[in-house]
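S.K.: Handing you a structure now.
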Amino acid sequence: MKQIQMDLKKKQAKLKIENQDDLWYLSYIIDIGDIVKGKTIRKIKIGSEGDRKQSIVKKPVFLKIRIEKIEFSRQAGTLRVLGIITEGPDDVQKGEHHTFSLEPNTIFTLIKEKWLKYQLDRLKEACKEKKSRIIIIVMDREEASFALLKKYGYDVLTEIKGKVRKKAVEEESGGKFYQEIIKKAEEYVKRYGAVKVILASPAFWKEELMKELDNGELKKIIIAATCNSTGKNGIDEVLKRPEVKAALQEDRIAGEISLVEELLSEISKNNLAAYGLKDTENAANAGAVRALLVTDSLIQKARDNNSYERIDNIMKAADSMKGSVHIISSEHEGGKKLNGLGGIGAILRYRLDYPGS
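Per my numbering, the sequence shown starts with residue 1, numbered consecutively.
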């Protein structure tokens with residue numbers, strides 16, 4: 001995302017969307033009640049009411065709307081904000097509804113009553129120069145899975161099947177499978193401009209593949225790791241490995257997983273943690289929250305059933321008391337574990353005693 005202008009006195013930011021990852025960020029920066037203004041397409045009636053020659057045409061107009069609803073689809077890669085028109089040309093009636101479709105190359109201005117620290121932090125993160133991406137490969141003797149690490153999680157790119165040698169007579173077929181994996185890795189590194197490849201496997205399979213690798217440039221960017229399984233389970237496992245943390249330190253997903261693991265550790269010790277909506281709300285209102293964790297799926301669900309205000313107030317309470325606020329992607333294992341706790345939890349500054357505890 002490109003920040004064209006930021007004016008905190010006017011509480012507004014002029015932004016340009018550059019890629020699909022930006023839509024994920026914006027879906028949790030934009031709030032109901034915010035103002036969005038920019039160029040958009042609007043159906044306009046031409047001619048008088050009742051006139052047989054009256055027609056409806058689509059034309060570009062500059063509008064300002066107050067947001068009532070936010071719709072984000074990660075699968076479709078779309079972000080729509082719906083609201084009431086507060087400003088526009090003479091042929092557009094104020095008070096009518098309009099939808100902005102935000103997509104790559106859209107330029108718009110976002111105005112808030114108040115910019116919270118976590119929203120500014122998230123915007124700053126989205127506007128950072130994009131790092132080259134990381135390819136993850138998990139493999140064994142029968143299959144290999146390839147994934148692309150993204151800002152909000154990862155996408156599984158492909159899975160290939162094979163059978164590498166477990167007997168001497170299978171050496172030829174094994175070599176072919178390794179070469180297929182290497183070829184696919186080279187293809188993805190080139191396509192996505194990756195500067196790191198994490199290669200993980202149970203046992204010695206990764207070492208066997210490295211023996212077959214002649215590409216010196218690819219060999220230089222490979223980080224070896226260990227996992228007990230392949231597929232998505234293997235990818236989730238690899239993301240938690242200590243040898244991988246250094247490679248992922250620039251990526252938000254590693255930090256999110258670490259935060260969830262810290263929360264789970266505090267819960268298991270019955271110490272500095274709260275989870276579930278009620279207990280987390282109490283902790284936020286008491287000013288006890290050091291780090292608030294909320295899954296994106298909980299936020300989306302709350303928006304869909306018109307119960308978002310409560311979650312929004314918890315985030316505002318934590319932010320106002322200098323607690324950090326983290327929106328956790330549900331795409332990775334950390335987010336799934338947090339969803340199992342109700343989708344919200346907090347690491348505390350001090351222990352709170354709840355009734356019955």
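Every residue, glycine too, gets a C-beta built ideally from N, C-alpha and C.
Keep in mind it's a predicted model, so treat the numbers as computed, not measured.
Pull up the distance between the alpha-carbon of residue 70 and that of residue 82, whole angstroms please.
M.R.: Each residue's alpha carbon lies about 6 Å from the other.
S.K.: Excluding five sequence neighbours on each side, which residues of the same chain lie with their C-beta closer than 7 Å to the C-beta of residue 271?
M.R.: Once the five neighbours on either side are set aside, the close Cβ partners of residue 271 are 351.
S.K.: Extract the residue ranges of the alpha helix (DSSP H) inside the segment 284-332, only unbroken runs of 4 or more that lie entirely within it.
M.R.: Whole alpha helix (DSSP H) segments, 4+ residues: 296-304, 308-320.
S.K.: Per DSSP, which residues does residue 16 bridge with? Please list them.
M.R.: Partner(s): 2, 107.
S.K.: Is the beta carbon of residue 142 sitting closer than 8 Å to the one on residue 159?
M.R.: Against a cut-off of 8 Å, the Cβ pair of residue 159 and residue 142 comes out as no contact.
S.K.: Compare the C-alpha of residue 8 against each of 110, 201, 268 and name the closest.
M.R.: Cα-wise, what sits closest to residue 8 is 110.
S.K.: Any idea what DSSP makes of residue 342, helix, strand or coil?
M.R.: Residue 342: coil per DSSP, three-state reduction.
S.K.: Since residue 33 and residue 67 should fall inside the 8 Å C-beta cutoff, what is the C-beta to C-beta distance between them, to a whole number of angstroms?
M.R.: Correct: roughly 6 Å between the Cβ atoms.
S.K.: Would you call the segment 131-140 in contact with the segment 111-118, where contact means no fewer than 3 C-beta pairs closer than 8 Å?
M.R.: Cβ pair count under 8 Å is below three, so no.
S.K.: Using only the alpha-carbon positions, how far apart do residue 79 and residue 31 sit?
M.R.: Distance between the alpha carbons of residue 79 and residue 31 is about 13 Å.
S.K.: State yes or no: is the C-beta of residue 332 within less than 8 Å of the C-beta of residue 257?
M.R.: In this structure, residue 257 lies closer than 8 Å to residue 332 by Cβ.
S.K.: Check each candidate in 260, 294, 181 and name the one with the smallest Cα separation from residue 212.
M.R.: Answer by Cα proximity: 181.
S.K.: Can you name, in chain order, every residue of its own chain whose Cβ lies under 8 Å from the Cβ of residue 155, other than the five neighbours on each side?
M.R.: Closer than 8 Å at the Cβ level, and outside the excluded window around residue 155, lie 147, 148.
S.K.: Whose C-beta lies closer than 8 Å to the C-beta of residue 124 among residues of the same chain, with five residues either side of it excluded?
M.R.: Within the same chain, residue 124 has no close Cβ partners at all.
S.K.: For residue 215, which option in 192, 235, 184, 241 has the closest C-alpha, if you only look at C-alpha atoms?
M.R.: Nearest option by C-alpha distance: 184.
S.K.: How would you write the range of the alpha helix (DSSP H) that residue 263 sits in, first residue to last?
M.R.: Its alpha helix (DSSP H) spans residues 252-268.
S.K.: In whole angstroms, give me the CA-to-CA distance for residue 3 and residue 36.
M.R.: Going from the Cα of residue 3 to the Cα of residue 36 covers about 15 Å.
S.K.: Report the rounded CA-to-CA distance for residue 126 versus residue 328, giving the unit in angstroms.
M.R.: Approximately 15 Å between the Cα atoms of the pair.
S.K.: Could you give the first and the last residue of the continuous alpha helix (DSSP H) run that contains residue 209?
M.R.: Here the alpha helix (DSSP H) through residue 209 covers 205-212.
S.K.: Is it the case that the Cβ atoms of residue 107 and residue 220 are separated by a distance below 8 Å?
M.R.: No; because the gap between Cβ atoms is not below 8 Å, this pair is not in contact.
S.K.: Can you tell me which of the three DSSP states residue 279 falls into?
M.R.: Of the three classes helix, strand and coil, the one that applies to residue 279 here is helix, per DSSP.
S.K.: So, for residue 264: in the same chain, excluding its five sequence neighbours on each side, which residues have a beta-carbon less than 8 Å away from its beta-carbon?
M.R.: Excluding positions up to five away in sequence, the list reads 337.
S.K.: Look up residue 45 in the DSSP assignment and give the residues it is bridged to.
M.R.: DSSP lists 56 as partners of residue 45.
S.K.: Helix, strand or coil for residue 229, going by three-state DSSP, please let me know.
M.R.: Residue 229: coil per DSSP, three-state reduction.
S.K.: Can residue 98 and residue 46 be called in contact, C-beta distance under 8 Å?
M.R.: In this structure, residue 46 does not lie closer than 8 Å to residue 98 by Cβ.
S.K.: For residue 201, count neighbouring Cβ atoms within 10 angstroms of its own Cβ and tell me buried if that reaches 16, exposed if not.
M.R.: Classification of residue 201: buried, given that the 10 Å Cβ count is 16 or more.
S.K.: Going by the beta-carbon positions, is the gap between residue 295 and residue 330 smaller than 8 Å?
M.R.: Their beta carbons are under 8 Å apart, which means residue 295 touches residue 330 by this criterion.
S.K.: Can you look up residue 71 in the DSSP assignment and give me helix, strand or coil?
M.R.: Residue 71 falls in the strand class under three-state DSSP.
S.K.: How about residue 143: is its Cβ closer than 7 Å to a heavy atom in the ligand NAD?
M.R.: In terms of ligand content, the structure shown is empty, and the ligand NAD therefore cannot be addressed.
S.K.: If residue 87 and residue 120 are in contact, beta carbons under 8 Å, what's the gap, nearest whole angstrom?
M.R.: Between residue 120 and residue 87 the Cβ distance is about 25 Å, and since that is not below 8 Å, they are no contact.
S.K.: Consult DSSP for residue 169 and reduce its assignment to one of helix, strand or coil.
M.R.: In this prediction, residue 169 has a pLDDT of 48, which is less than 50 and means its spatial position is unreliable; what the coordinates show is noted afterwards. In this structure, residue 169 counts as helix in the three-state DSSP scheme.
S.K.: Taking all protein chains shown into account, decide if residue 95 is buried (16 or more other Cβ within 10 angstroms of its Cβ) or exposed.
M.R.: That one is exposed.
S.K.: According to DSSP, is residue 30 part of a helix, a strand, or is it coil?
M.R.: Of the three classes helix, strand and coil, the one that applies to residue 30 here is coil, per DSSP.
S.K.: Quick one, are the C-beta atoms of residue 288 and residue 280 less than 8 Å apart?
M.R.: No, the Cβ-Cβ distance between residue 288 and residue 280 is not below 8 Å.
S.K.: Tell me which residues share the same chain as residue 339 and place their Cβ nearer than 8 Å to its Cβ, disregarding the 5 neighbours each side in the sequence.
M.R.: 295, 297, 298, 330, listed in sequence order.
S.K.: In terms of residues, what are the limits of the beta strand (DSSP E) holding residue 87?
M.R.: Per DSSP, residue 87 belongs to the beta strand (DSSP E) from 78-87.
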